Structures are given as structure tokens and as C-alpha cells.
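>
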Amino acid sequence: MSRARRCSRTRNLATAPVSCRAHPCPGSRSPVCAPAPGDSAAHASLAALWMVNTIPGLAFEIIYPFVNEMIVEIGVTDDPERVGFYSGIVESLFACVQVLTVMPCSYASDIVGRKPVILFGVIGVAISTVFFGFSKSFSAMLLSRSLGGALGGSWAAMRVMAGEMVPREHHGMAFAGMGMSYRVGQIVGLPLGGFLAHPERHLGSFFSGQFWKDYPFSLPCFVGGAVAALSALFGAVFIREASAALRLLRRKSNSPVPGSPTTPIAQEPPSQVLPIRAILTPRVINILISNSLTVLLAEVLFALYPLFGYTPRASGGLGLSEAQIGAHMSIRAVIHIAAMVAYPWADRRWGTLRLYKACSALWPLNIALFPVAGYMARQYDDPDAPAVWAAVLVLFSVWSLTSFTWACLSILVNDAAPFPEALARLNAVLQIAIVVPQAVAPALGTSLFAVSLKTGIFNGNLVWIVLIVGGQHTPLTSLSLVAHAENGSMHLFCARVFLPRHPTPRPVCRCHSDSVRTASDLRACGHLIIRKPAPGGSLLRICHDPYAARPCPVFLGVIVYS
């Protein structure tokens, strides 16, 4: 009998075959037979989520090409060497405020669902982006960024939702798509910020009115806010809520079976708010530390590049205009997307942790290429010289490979959840571990850059030397994760399922579907199998180490009935 026919005759989840729980029937509208995580509907919803994920890259970073010039024009400072200090404050404030809203948004996503929280955050980014374009003082710039940060704590729910939409073997694809979609937003947003700033200069008579002269940076912010609002509408229509279905599925599995000769042997306890200390296992803490160091280094470099490009060539920069800065960062984003296409293959080939370790080792090289590009620009006194472009393209290529660490960390954190109910809370903690260094990084990096230029220490290269030395911590923390995994001290992620008795022992794993009949079949794929007695039956726990080079991709639990 086919799986679809067996499942269509099932009246309650508790009596459904294990394979039906793992792969419910496509096309069914019942909670039990909802579309499987890997079917076309889930993939379409994931694609819609990727579309919405372009908004942080577009609406948030559209200001980077012109923020330094904006600070000078509105009169915050007239010293180009002090611009970095003020731009760092503006860029950091968003993350500082976001720290305060991440946990409340996590609780809200568990209660009302991921989708409403995500859409609320998108609308908040749209509003704050438009307000930023009308800023005529430093305090107005800070206020608009604070608004965006306060409403932007919902992005952790997007990462959780991406992990819930697809099974574990597709997480590489899902999180690589999240990274690629963010870079697509950069590709569109960064050149828009450069080309649309001062439209009265570049876009002809239509924008020659007094309004555009009074608010020369409003047009890119208008466009960014409009795209964010349209994406919120798109997400409201096409993103399928995941968490509500999961909660309904859990309630169904815990309900007694009407008319059944037996009731479920064991039931999950009622859903409750999980304390943070239950989530912060030693393994999770190690990953969060590694994640924070990676984010700190990445955000320092990202905040430095517009300032590095804006700085005159005589002072060690590239001497670029706003439009050239936007074009450079868009080229970087294109190279990053091209590299991320290969990420799912690399993740399958070498394993998530090994790939993370290799890419983390590239950070010092990435930093060292900044002064090399500045030296080339100073030697040729032309940012468009072939040697300068060669140095910049090598810098962007290595930078794109280091960006693999973002996708790796997203997978590592999801795998580190000690139990499924901890996923949302763990991603909220992860978001705090991201936004805290994001809050510190821009001000730290740009201020250090300004100090390097002002003092002339090491011929103005103090910032790069400090970052190269500090960048050694990222590969070192990845080595500590490997050591824990090899020593067997990291907890293996397990899932337990209890079902009524069945006359035939049938272990079923999602990665093998119905082809698995015995425990020996499962041992052949590398699973660790532990039998535990259960009242009225036997529970077979299937575990795997998610940091192995080729882990068994998906597992939900396997039952042997007595």
C-alpha cells in the first residue's frame, strides 16, 4: 500500500505510520497531512522568505555610500578625518537598540507566529529608512536609526523560519539562500544609495526642484522604504506560516485517539517558556563566542570599506566618489553571490564545521589586502587603474569566501539546539550575540581608522595591524569547536517519538523512508542507535553528530514497537 493511501486513511496523528509523520501526504489540507517540508509549497514559501530577506541588505545598507558625505553636508563636522567617528555612531546605533528588542520579538514569534513578527520588522525598516532621508541634524539621524533598530529585532524569527521550512539535509541550501538574498539586496541597495543621492546633480531637470536640494539624500531612502513596503505585502501573501502548524501538530500528537484501543504511551509536556540557562549548554556557548568574534570582525570590515574608499588616496584610501563606492560594494556583492552558489556543495563535501574552520583562516589575509589596495591606488593615483582593480577584485574574492562563515554558523546554531522547542529562543540569543558586536564594530573600526590617520602610526596602517592580530581569534575559536567534537564531549542531537503498539518492528528514518526495516540498516548509514525501554513498547533513539563531514542529513526519531 502506498504511503499516500495509508496516510489518507489515518484519522489521527497518533495512529499514523512514522513515515507519514516524517513525510505527510502532499496535497492534503489536514494538519496531519500538511505538505512535507521538502515539497514544492515549502520551497515556494522559502523563496518568498528569501525575497523578504533582501530588505535588510537593501533598505538598511542603502545609506552606506552617502552617510559620510551626509554627515559633512548637514554640518556635523567639516573635518574629513573625523567623519569616521560620527558615521560609526550612526551605523552602530541600529544594532545597539536592536539588542533590547530581540528577546521580546522571540517570545512574540512563539506566541503569534514567525510571519507577523517578520512582517512587522519589515514595515519598521521601511518607516525608519524614509525618516533617515529627511534628517537635517545628527540627532535626527540617530533617532531614525533607533526606530529601525527597535523594530528590527524580528530578524531572528526569519532565521528560525528558514530552518523550520526544510529538513536538515536542505539547511545548507536554505541558509546559503538567506545569505545570497541578503547580498542581492546589497547589489540593488548600495548602487541606489550612490546613484540616487543628490538627484539634482545626476538625474536631470525632473529632480531640479528646491525639495531635492533641501533633502538631497531623500530619494534613495524613498526607494528603499518603498521596496521594503512592497516586500512586506509580498511576504503577507506568499509566506506560509510554519510555527502555527507545528504547534497544531504537537497538540494533535498529544491528544488521545478517539476509538483507539490504546492511548499514546507518552505525551509531550505542555509548551512552556524555556529558561535561558536550559539553552546555554557548553556547546552552544562555544558556538556563540565564535559567532560573536566572526561578526565583530566582519562588521568592522564592512563599516570600514565605505570610509576606506572615501578617504583620499594620499591618506591611504582609494579616493572614490559616492557612486564609485556603491559600485564597488555591489561588485563585491555579485562576487559573494557567485561564491555562495557553491556553498551547498562545499557544505556537503567537507562538512559544516570543517568549512567554517577553513574560511575562518582566511580573515587575516582578507584584512591584509586592504592596505595593499590602498598602496596600489596611491602608487597609480587612479582608482580605475588595472593594478588597483586587480587588488580590489582579489580582496573581494577572499572576502566572499570568508562570508561562508555566516551560513556555516546559521547551520551550526540550529544543530546545537538541545531540543526542538529551544530553536526560537536559541536564535534570539544568537541574534543578541550578533547585534552586540554589530553595535560595537562600526564605531570601533571607524574610530580606529580615524586614529590611524590622525597619528600616522605605522604610516597610517595601525588599524590593519590591529585587525590582523585580532583576527587570529576567529580561526582559533573554530579549532576549539573541532576539539570538542573529536573528544565526543559535544551532545548529540536526538529526537524522541512515542507511538502506540504495532505488531511489526519498523524503524523508519526520514533519510531512508520506508526502505529501512532493521536496526542494522540504520547502522550502515552511520547512525548511533540506543534502545531504551518504554512502557508497553521500545523506543529507539537515533542520533548523529551534525559536525561530521557527511552526517546523515535528517532524523526525527525512530520507533521499534513491541
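Its first residue numbered 624, the sequence shown is counted upward by one per residue in my numbering. The beta carbon of each residue, even a glycine, is placed where N, CA and C say it ideally should be. These figures come from a predicted structure and were not determined experimentally.
(1) Does DSSP put A855 in a helix, in a strand, or in coil?
(2) In angstroms with no decimal places, state the Cα-to-Cα distance between Y979 and H821.
(3) Taking the alpha-carbon positions, what's the A996 to R971 distance?
(4) At the level of alpha carbons, what is the spacing between A1008 and S944?
(5) Expressed to the nearest angstrom, what Euclidean distance is found between the alpha-carbon atoms of K836 and E823?
(6) Tell whether a beta-carbon distance below 8 Å holds between H959 and S1023.
(7) Let me make sure I understand the geometry here. Which of A797, F754 and F689 has the alpha-carbon closest to that of W673?
(8) Hey, how far is the Cα of S729 from the Cα of A665?
(9) Using the C-alpha atoms, what's the distance from I678 back to R874?
(10) Could you give the first and the last residue of the continuous alpha helix (DSSP H) run that contains D970?
(11) Can you check whether the CB of I810 is closer than 8 Å to the CB of V957?
(12) Scan the segment 909-987 and note each continuous alpha helix (DSSP H) run of 4 residues or more that stays entirely inside, going in chain order.
(13) Go ahead and pull the three-state DSSP assignment for P1006.
(14) So, with DSSP's three-state summary, where would you put E696?
(15) Please classify I734 as buried or exposed, where buried requires at least 16 neighbouring CB atoms within 10 angstroms.
(16) Between K926 and A785, is the Cβ-Cβ spacing less than 8 Å?
(17) How many angstroms separate the CA atom of V783 from the CA atom of V807?
(18) Between the segment 759-772 and the segment 687-697, do three or more beta carbon pairs fall short of 8 Å?
(19) Name the residue from A671, S828, D1005 and L770 whose alpha carbon lies nearest to the alpha carbon of L577.
(20) By how many angstroms is the C-alpha of L924 removed from the C-alpha of M781?
(21) When you compare only the Cα positions, how much space is there between I862 and I1034?
(22) Pick out whichever of Q1002, G736, V1036 and A1010 has its Cα sitting closest to the Cα of T904.
(23) Quick check: the Cα distance between L992 and R768, rounded to an integer number of angstroms?
(24) Count the other CB atoms, across all protein chains shown, that sit within 10 Å of the CB of A670; report buried if there are 16 or more and exposed otherwise.
(25) Hey, F1072 and L920: beta-carbon distance below 8 Å or not?
(26) Let me know if Q1002 comes out buried or exposed under the rule of 16 or more other beta-carbons within 10 Å of its beta-carbon.
(27) In three-state terms, what does DSSP make of S767?
(28) Taking the continuous alpha helix (DSSP H) assigned at Q1095, which residues delimit it?
(29) Starting from the Cα of A973, find the closest Cα among F1081, C1031, F857 and P987 and give me that residue.
(30) Look at the Cβ atom of L911, then the Cβ atom of I990, and state whether they are nearer than 8 Å.
(31) With a cut-off of 8 Å, do at least 3 Cβ pairs link the segment 699-712 to the segment 1053-1069?
(32) Let me check understanding here. Comparing Cα to Cα, which of T1069, F755 and S983 lies closest to T1028?
(33) How is K1077 classed by DSSP in three states: helix, strand or coil?
(34) Nearest-angstrom Cα distance between N909 and T917?
(35) Give the DSSP-derived three-state secondary structure of I1055 in the structure shown.
(36) In the DSSP assignment, find the alpha helix (DSSP H) that holds V725 and state where it starts and stops.
Put simply:
(1) Assigned with DSSP and collapsed to three states, A855 falls in helix.
(2) In this structure, the CA atom of Y979 is about 41 Å from the CA atom of H821.
(3) Taking the straight line from one Cα to the other gives about 34 Å.
(4) It is roughly 15 Å from the alpha-carbon of A1008 to the alpha-carbon of S944.
(5) Our two residues, K836 and E823, have alpha carbons roughly 7 Å apart in a direct line.
(6) Their beta carbons are under 8 Å apart, which means H959 touches S1023 by this criterion.
(7) The candidate whose alpha carbon is nearest that of W673 is A797.
(8) Distance between the alpha carbons of S729 and A665 is about 22 Å.
(9) Any reading at R874 needs caution, since the residue's pLDDT is 35, under 50, leaving its predicted position unreliable; the model's value is listed next. About 34 Å.
(10) Segment Y966 to W973, the alpha helix (DSSP H) holding D970.
(11) Going by C-beta atoms, V957 is nearer than 8 Å to I810.
(12) Secondary structure in the segment 909-987: the alpha helix (DSSP H) runs of 4 residues or longer, each lying completely within the stretch, are 945-963, 966-973 and 975-983 in chain order.
(13) Coil.
(14) Residue state, collapsed to three classes: helix.
(15) I734 is exposed by the Cβ-count criterion.
(16) According to the sequence displayed, residue 926 carries Ala and not Lys. Taking 8 Å as the Cβ cut-off, A926 and A785 do not qualify as a contacting pair.
(17) Here the alpha carbons of V807 and V783 stand approximately 21 Å from one another.
(18) Touching, yes.
(19) As shown, the chain starts at 624 and ends at 1185. That puts residue 577 outside it, with no answer to give.
(20) In a straight line, the C-alpha of M781 is about 25 Å away from that of L924.
(21) Approximately 21 Å, taken between the alpha carbons.
(22) That would be V1036, whose Cα lies nearest to the Cα of T904.
(23) Roughly 31 Å separates the two Cα atoms.
(24) Exposed, since its Cβ has fewer than 16 Cβ neighbours within 10 Å.
(25) In this structure, F1072 keeps its C-beta atom at 8 Å or more from the C-beta atom of L920.
(26) Exposed.
(27) In the structure shown, S767 sits in a helix (DSSP, three-state: H, G or I).
(28) Secondary structure note for Q1095: it is in no alpha helix (DSSP H), with a DSSP letter that is neither H nor E.
(29) Residue identity check: residue 973 is Trp in the sequence provided, not Ala. Closest by C-alpha distance to W973, out of F1081, C1031, F857 and P987, is C1031.
(30) Taking 8 Å as the cut-off, the beta carbon of L911 is found no closer than this to the beta carbon of I990.
(31) A contact is defined here as three or more CB-CB pairs under 8 Å, and the segment 699-712 meets this definition with respect to the segment 1053-1069.
(32) Nearest C-alpha to T1028: S983.
(33) Residue state, collapsed to three classes: helix.
(34) Their Cα atoms are separated by approximately 12 Å.
(35) Three-state result, I1055: helix.
(36) Run containing V725: V706 to V735, per the alpha helix (DSSP H) assignment.
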